[in-house]
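Chemist: Under my numbering, think of the first position of the sequence shown as 428, with each following residue one higher.
Below is the structure I would like to discuss, written out as structure tokens.
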Amino acid sequence: MATLRIPTPMRAFTGNQAEVSAAGATVREVLQDLDARHPGIGGRVLDERGAVRRYVNVFLNDEDIRALSGLDTPVKDSDRITLIPAMAGG
């Protein structure tokens, strides 16, 4: 299982856990498993078409998945996925 780092605004879905585990062979599958284990969080990460919301960045280890194969990027059990919502302000 991959380890997911959950940002503070999304921790209400994970019982305030900063890190959770989810299974899958790709980032997409891991995020689907995350939503199955913690219902509702998937809608904060993925839009209605199943794409990563434009205000959320998803990193596999230290790489933005947009620079890899997107949601189809392969995931190993030792991998770490970090969800980072965009911040606004001035």
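By construction, the Cβ of each residue, glycine as well, lies at the ideal position given by its N, Cα and C atoms.
Given a cut-off of 8 Å on the beta-carbon distance, is the pair Ala429 and Arg507 in contact?
Modeler: Residue mapping note: residue 429 aligns to position 2 of the sequence shown, counting from 1. Residue mapping note: residue 507 aligns to position 80 of the sequence shown, counting from 1. Yes.
Chemist: Output needed for Val454: all residues of its chain with C-beta closer than 7 Å, excluding positions within five of it in sequence on either side, in chain order.
Modeler: Counted from its first residue, the sequence shown places residue 454 at position 27. Same-chain partners within the cutoff: Val485, Leu487, Ile492, Leu498, Thr500, Val502 and Ile508.
Chemist: Classify Ala406 as buried or exposed, calling it buried when 16 or more other Cβ atoms lie within 10 Å of its own Cβ.
Modeler: No information on residue 406 is available, as it lies outside the stretch 428 to 517 that the chain covers here.
Chemist: Looking at the strands, I want to know which residues DSSP matches up with Ile468.
Modeler: Working through the sequence shown from its first residue, we reach residue 468 at position 41. Ile468 is not bridged to any residue.
Chemist: Provide the residue span of the beta strand (DSSP E) that contains Glu446, from first to last.
Modeler: Mapped onto the sequence shown, residue 446 falls at position 19. Residues Glu446 to Ala449.
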